[in-house]
Amino acid sequence: MTKRVTILGATGSIGENTLDIIRRAEAGTYQVVALTANQNAEALAAHAKDFNAEFVALADPTHAKQLEALLQGMKIEIGIGPNALIEAAKRQADFTMAAIIGAAGLEPTLAAVAQGNHVGLANKECLVCAGEPFMAAVRESGAVLLPVDSEHNAIFQVLESDQPKGVKRLILTASGGPFREKTLEDLQTVTRENALNHPVWSMGAKISIDSATLMNKGLELIEASYLFNRPSAEIDVIVHPQSIIHSMVEYIDGSVLAQLGSPDMRTPIAYALGWPARIAAPVERLDFTQISQLTFFAPDLVKFPALRLAREALEAGGCAPCVLNAANEQAVAAFLAGRIQFLDIARIVEATLEREGRSRQFSCAPHDVAAIIATDASARRTADDHIVTL
Ligand code: NAD
Ligand code: MG
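So the mapping is simple: the working numbering equals the position in the sequence shown, first residue as 1, plus 270.
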């Protein structure tokens with residue numbers, strides 16, 4: 271049977287890797303329902319034509335004319351503006367890849383969840399900012415949430431979810447990013463280009479910066495806590511520079527189960543797209559005779575305070591993770607625009623958490639999406655204030 275697939279964030283790194291898997295499948299395996307993008311009308315139109323999509327949605331209206339011109343005469347419906355992304359996510363699909371970056375993906379992803387079908391979750395920020403209501407929406411609709419983030423996909427593969435009491439801890443592995451071996455002093459002068467140059471993974475700009483600060487691992491810690499219903503104390507982070515073991519689960523009998531593979535997102539994408547069946551992914555195979563060593567060490571929370579801040583936000587609960595995420599998005603955008611230095615990113619997140627925590631004690635466990643969006647907006651304003659006064 272043909273699987274109807276929608277990709278939210280189709281022009282990004284995860285979106286295009288998903289299209290790559292679809293392209294290689296036998297004709298008739300998939301029908302592309304809807305594709306979305308923020309600004310890149312050209313790539314969106316090209317993918318829509320290649321995959322004969324039914325509907326395309328572009329969030330930013332300034333590129334609407336260009337998209338319409340590119341798709342003129344084609345039988346592809348076009349939607350413009352943030353509501354069009356929600357419309358895309360509501361179109362009946364058996365599988366939706368949620369691959370928008372940032373909290374901007376929250377509402378479209380929730381609309382996909384409401385369908386009650388399969389959702390591949392790459393967009394970790396939407397779970398970080400709205401963990402409890404997001405998981406409640408998943409339970410309510412009966413959707414199957416398939417983690418695409420490689421660590422969470424690894425845990426999903428090895429977690430005996432019918433034995434929650436048998437699980438002792440989750441162990442998230444981290445590559446350590448491009449600055450793993452730098453000193454705190456070195457970090458004062460690293461550039462945008464240095465930070466974008468990840469040693470192992472090829473990814474979009476925002477997540478590459480998050481990997482360099484280790485905020486990515488912090489967001490993943492929060493993501494794991496909500497996805498697998500585990501407190502902070504039962505989730506460890508360990509640096510594993512080779513990125514061969516993608517994460518592990520330790521059981522109470524001392525067994526540790528791990529998922530291994532080449533560092534290529536097409537493996538977790540294929541796992542989610544095919545689930546419960548295994549489907550082929552064109553990734554490099556592991557050659558154990560060539561792997562000389564697998565090494566592990568504890569992360570340095572002094573050099574990389576973002577990971578400490580994320581754990582503190584998870585433990586504070588309420589809206590603290592939402593504030594952390596919003597402040598980080600603003601700070602990373604400012605760093606990418608050349609407005610702040612690398613070490614300022616975590617400083618801005620910390621200052622925003624302090625100021626927002628003072629005024630609201632994070633007690634506002636946000637239950638509805640409107641409350642989350644308001645918290646997110648307030649935290650962004652606070653972060654922006656800190657950015658301009660640096
Ligand atoms: P990317 O920057 O390459 O692509 C982001 C996509 O989202 C693009 O299609 C873009 O048009 C769209 N988008 C951006 N801003 C938007 C907005 N405001 N409104 C609507 N659409 C918007 O990002 P990516 O690297 O593919 O990451 C996507 C998500 O997957 C992120 O949440 C990231 O953390 C997660 N993830 C990515 C990787 C990876 O290898 N790239 C690995 C694990 C998890
Ligand atoms: Mg990851």
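C-beta atoms are modelled at their ideal positions from N, C-alpha and C, and glycine is treated no differently.
CB contact flag (residue i, residue j, <8 angstroms)
i: L278; j: P378; result: yes
i: G475; j: P448; result: This sequence places Ala at residue 475; Gly is not what is there. For A475 and P448, no; Cβs fall outside 8 angstroms.
i: V519; j: L440; result: yes
i: V507; j: L577; result: yes
i: L341; j: A318; result: yes
i: A616; j: I610; result: no
i: L489; j: K394; result: yes
i: I657; j: C592; result: no
i: A494; j: I479; result: no
i: I515; j: K438; result: no
i: G343; j: A329; result: no
i: N595; j: V398; result: yes
i: W471; j: P511; result: no
i: A413; j: Q385; result: yes
i: A653; j: G627; result: no
i: G401; j: Y496; result: yes
i: S403; j: D557; result: Note that residue 403 corresponds to Pro in the displayed sequence, not to Ser. No, Cβ-Cβ distance for P403 and D557 is not below 8 angstroms.
i: A392; j: I284; result: yes
i: P552; j: R293; result: no
i: A542; j: L454; result: no
Close beta carbons around residue i, own chain, < 6 angstroms, minus the five adjacent residues each side
i: Q517; result: For clarity, residue 517 is Ser in the given sequence; the question names Gln instead. Within the same chain, S517 has close Cβ partners E421, A424, I425, L442, T443.
i: M367; result: I277, T288, G390
i: L380; result: A407
i: M598; result: Before going on, a small fix: residue 598 reads as Asn here, not Met. Only M485, V619 meet the Cβ criterion.
Selection from the options that minimises the alpha carbon distance to residue i
i: N308; options: L337, R293, R630, A392; result: L337
i: S664; options: P352, I479, S629; result: The chain is shown from 271 up to 660; residue 664 falls before or after that span and cannot be answered.
i: E312; options: A323, V302, T281, R294; result: T281
i: A547; options: Q427, A339, G401; result: Q427
i: W545; options: I350, D364, F325; result: D364
i: A304; options: E626, F321, D534; result: F321
i: I549; options: D557, L556, I561, A540; result: A540
i: P434; options: R500, G285, A653; result: R500
i: L530; options: I561, A503, G524; result: I561
i: L527; options: E430, R293, N310, G349; result: E430
i: R581; options: L623, D557, F567, F566; result: L623
i: T659; options: A621, A640, L556; result: A621
i: A607; options: R462, F566, R536, S525; result: R462
Beta-carbon contacts of residue i that lie in its chain and below 7 angstroms, excluding the five residues immediately before and after
i: F612; result: L457, V460, A465, F605
i: I356; result: E377, P378, A381
Contacting residues, own chain, Cβ-Cβ under 8 angstroms from residue i (five flanking each side not counted)
i: T272; result: G298, T299, Y300, Q301
i: L571; result: L577, R578
i: S633; result: G588
i: E347; result: E324, F325, V326
i: P331; result: I350, G351
Beta carbon proximity, residue i to chain D, threshold 8 angstroms
i: V658; result: Reference to chain D is not applicable here, since this structure consists of a single protein chain.
* Can you check the region 301 to 328 for any beta strand (DSSP E) of at least 3 residues that lies completely inside it and give the ranges in chain order? => 325 to 328
* Which residues count as close to ligand 2 when the rule is a CB under 7 angstroms from any of its heavy atoms, in chain order? -> D419, S420, E421, N486, E490
* To do: Taking only runs that begin and end inside the region 360 to 444, name each unbroken beta strand (DSSP E) of 3 or more residues, in chain order.
  => 365 to 368, 388 to 391, 414 to 417, 437 to 444
* Asked: In chain order, which continuous runs of the beta strand (DSSP E) of length 3 or greater are located wholly inside the region 437 to 525?
  -> 437 to 444, 505 to 509, 515 to 521
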